[in-house]
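Working notes, beginning with the structure itself.
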Amino acid sequence: MEVIISESLTTVSHIIENSDNYPNLKYVIIIEANEEEMVKHKSSRFKIMSFKELEELGKSNVQEHKLPSPDDIFCICYTSGTTGQPKGVIISHRNIVSCLASLEAIFGAAIPQTGTLVSYLPCAHIYEMICEIFCLYNSGRIGFYSGNTASLLDDLAELKPTVLPLVPKLMNVIYSAVKKEIGPSIFKRYLLRLALNQKEKSLRRGIVSKNTLWDKLIFSNVQKLLGGSAHFIFTASAPVSRQVMQFFRCASGCLVFEAYGLSEVGAAAMTLMSEHDSGFVGPPLPANHIKLVSVPEMFYDADNNVGEICIRGPNVFLGYYKNPEATKEAFDKDGWHHTGDIGQWLPNGTLAIIDRKKHIFKLAQGEYITPDKSENVYVQSHIISQVFVDGFSDQEFAVAVVIPDPKPFLIWAKENGFTESNLEVLCQDPAVRKAVLSHMLKFGRRKNLNSLHQVGNVYLSLEPFSQENGLLTPTMKLKRSVA
Numbered sequence: 001m002e003v004i005i006s007e008s009l010t011t012v013s014h015i016i017e018n019s020d021n022y023p024n025l026k027y028v029i030i031i032e033a034n035e036e037e038m039v040k041h042k043s044s045r046f047k048i049m050s051f052k053e054l055e056e057l058g059k060s061n062v063q064e065h066k067l068p069s070p071d072d073i074f075c076i077c078y079t080s081g082t083t084g085q086p087k088g089v090i091i092s093h094r095n096i097v098s099c100l101a102s103l104e105a106i107f108g109a110a111i112p113q114t115g116t117l118v119s120y121l122p123c124a125h126i127y128e129m130i131c132e133i134f135c136l137y138n139s140g141r142i143g144f145y146s147g148n149t150a151s152l153l154d155d156l157a158e159l160k161p162t163v164l165p166l167v168p169k170l171m172n173v174i175y176s177a178v179k180k181e182i183g184p185s186i187f188k189r190y191l192l193r194l195a196l197n198q199k200e201k202s203l204r205r206g207i208v209s210k211n212t213l214w215d216k217l218i219f220s221n222v223q224k225l226l227g228g229s230a231h232f233i234f235t236a237s238a239p240v241s242r243q244v245m246q247f248f249r250c251a252s253g254c255l256v257f258e259a260y261g262l263s264e265v266g267a268a269a270m271t272l273m274s275e276h277d278s279g280f281v282g283p284p285l286p287a288n289h290i291k292l293v294s295v296p297e298m299f300y301d302a303d304n305n306v307g308e309i310c311i312r313g314p315n316v317f318l319g320y321y322k323n324p325e326a327t328k329e330a331f332d333k334d335g336w337h338h339t340g341d342i343g344q345w346l347p348n349g350t351l352a353i354i355d356r357k358k359h360i361f362k363l364a365q366g367e368y369i370t371p372d373k374s375e376n377v378y379v380q381s382h383i384i385s386q387v388f389v390d391g392f393s394d395q396e397f398a399v400a401v402v403i404p405d406p407k408p409f410l411i412w413a414k415e416n417g418f419t420e421s422n423l424e425v426l427c428q429d430p431a432v433r434k435a436v437l438s439h440m441l442k443f444g445r446r447k448n449l450n451s452l453h454q455v456g457n458v459y460l461s462l463e464p465f466s467q468e469n470g471l472l473t474p475t476m477k478l479k480r481s482v483a
């Protein structure tokens, strides 16, 4: 590495102090430069300069613009590290352009050139990167959030985006907030069910609208939460439950797309504009082929249209940076990238994501358990904020770490005969844990969760999973290898 660009000297101070460890480094560019610090941190090994100096250098030494070739490196995008150490995914210009061409083939002129995209996900994440580049490709505008996710809804109200990329975590938060607002009122619940049923009937007829009676009575507040101007909503990066997906399709009053992709391939499949059902991620995008390969140890047979998802096409990455072993493992002899995700071809030609090779564990009975399935059900409970499900091959049942949602949890505890008002004391009470487990089992049965995927014990914690404690990725996915 010859050049490092950093926002401040503080961020790269350890590099400057240990300059002997970086013999190839020639330049350190500081964006927010303090002249006194620049002088203080001078190095004999490499040049430290401000971004302003770099700009002036460019102005005085104008070079003819050199267009990249298709196979030149566009960027190195690091995986989120949910199952281990992040890997550097080498992405070429061909990879990115093929993704854009696929999206353009799907949307055509449907994306208005006056569109506004909200950016709140890390710009280094492939999902955000593709959204931003596609927006700019269509002459759209990008509004960057204030930097505090707690104020994101305020940012949406100010920006009024027309294109809204969401992650399942945020969708679950909004969905749970609506459910909590309705509360135990039988009449309000009846109205919501009626409104959702009526909007679903319209969706099945191809009618997407924000102007129905149900929008005015029930869904207008949800639409305001999203900024009030959304035309398109995208979700990717993790599975979304059918219930949450259908809620957003009905409540948002706009087109909602679910996509499947990963750092190594960008966008690979996506629901179509004419599709208003849920439970799948659509057909393959034009840039790539997708096939399923049998996974005998998990009893998945490709002849029955179920197996590991493998992708081949111009959107597939070049390899992992300085990791030839992982690169070799990721491809078979015919050039297919093995994703580690388990998919199923549905009768309508679309792909459903049903499992994950690496996100599984085996119980003593010999059954494989997919913790995502359990977590996506349990987190819909009004008393649960976050949940992590895990298990071991010498145990007969899975266990869960549960982060309760404080206010609803205290109300629920009181309703169930627990008079203690201190949340920490409640979480340490074995009787409370037993009652929470009973609640989760009943909730799971109501949501048709397979008995093997039901947990057999819980631990209550007050420390939320977050980026700060290393348990969440920047896109709010759980780092299982750390948890």
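According to the working numbering, the sequence shown is numbered sequentially starting from 1. For glycine and all other residues, C-beta sits at the position ideal for the given N, C-alpha and C.
| Query | Result |
| --- | --- |
| Residue environment, Arg445, which counts as buried when at least 16 other CB atoms sit within 10 Å | exposed |
| CA nearest to the CA of Tyr120, picked from Ala150, Val173, Gly140 | Ala150 |
| Cβ-Cβ separation, Leu159 to Gly143 (assumed contact under 8 Å), whole Å | 4 Å |
| Start-end ranges of the alpha helix (DSSP H) lying completely within the stretch 368-430, minimum 4 residues | 371-378, 406-415, 423-428 |
| Residues bridged to Pro284 (per DSSP) | Ala269 |
| Candidates Phe46, Glu36, Glu32, of which the one nearest Ile16 by Cα | Phe46 |
| Beta-carbon spacing of Val295, Glu308 below 7 Å | yes |
| Which residues DSSP lists as bridging Arg356, in chain order | Asp341 |
| Residue nearest to Phe257 in terms of C-alpha spacing, selected from His276, Val265, Ser241, Phe247 | His276 |
| Terminal residues of the alpha helix (DSSP H) in which Tyr137 lies | 126-137 |
| Supposed close pair Ala287, Pro314 - CB separation, criterion 8 Å | 6 Å |
| Val62 versus Glu56 - alpha carbon distance | 10 Å |
| Any non-hydrogen atom of the ligand FMN closer than 6 Å to Leu226 Cβ | Summarising the ligand content, the structure contains no ligands, and the ligand FMN is consequently not present. |
| Beta-carbon proximity of Ala400 to Val458, cut-off 7 Å | yes |
| Residue environment, Ser237, which counts as buried when at least 16 other CB atoms sit within 10 Å | buried |
| Where Gly349 sits in the DSSP three-state scheme | coil |
| Supposed close pair Val118, Met476 - CB separation, criterion 8 Å | The pair is not a contact, with the Cβ atoms about 16 Å apart (cut-off 8 Å). |
| Contacts around Ile353, its chain only, beta-carbon distance under 7 Å, and the 5 residues preceding and following it disregarded | Pro239, Tyr260, Val281, Asp341, Gly343 |
| Close Cβ partners of Glu367 (< 7 Å) along its chain, the five nearest in sequence each way excluded | Leu452 |
| Opposing strand residues paired with Asn457 [DSSP bridges] | Val399 |
| Start-to-end residues for the beta strand (DSSP E) that takes in Leu117 | 116-119 |
| Delimiting residues of the beta strand (DSSP E) encompassing Val73 | One detail in the question is off: residue 73 reads as Ile in this sequence, not Val. Ile73 -> beta strand (DSSP E) spans 73-78. |
| With 16 other Cβ atoms within 10 Å as the buried cut-off, status of Ile174 | buried |
| Rounded C-alpha distance that separates Tyr300 from Phe465 | 32 Å |
| Of the listed residues Thr419, Ile383, Met171, Glu415, nearest to Lys407 (C-alpha basis) | Ile383 |
| Thr149, DSSP secondary structure in three states | helix |
| Assigned exposure category for Val12 - 16 Cβ within 10 Å defines buried | buried |
| Pairwise C-alpha distance: Ala177 and Ser421 | 23 Å |
| Helix, strand or coil at Gly227 according to DSSP, with G and I counted as helix | coil |
| Burial state of Phe10 (16 or more Cβ within 10 Å) | Correcting the residue type first, residue 10 is Thr in the shown sequence and not Phe. Answer is exposed; the Cβ neighbour count stays below 16. |
| Rounded C-alpha distance that separates Arg433 from Leu441 | 12 Å |
| Coil, strand or helix - Tyr300 by DSSP | strand |
| Bridge-paired residues (DSSP) for Ala105 | Partner(s): none; Ala105 has no beta bridge. |
| Where His65 sits in the DSSP three-state scheme | coil |
| Reference Asn304; option with closest CA among Ile130, Thr327, Leu346 | Leu346 |
| Proximal residues to Gln223 (C-beta, below 8 Å), its chain only, five neighbours per side dropped | Lys210, Asp215, Ala230, Ala251, Ser252, Gly253 |
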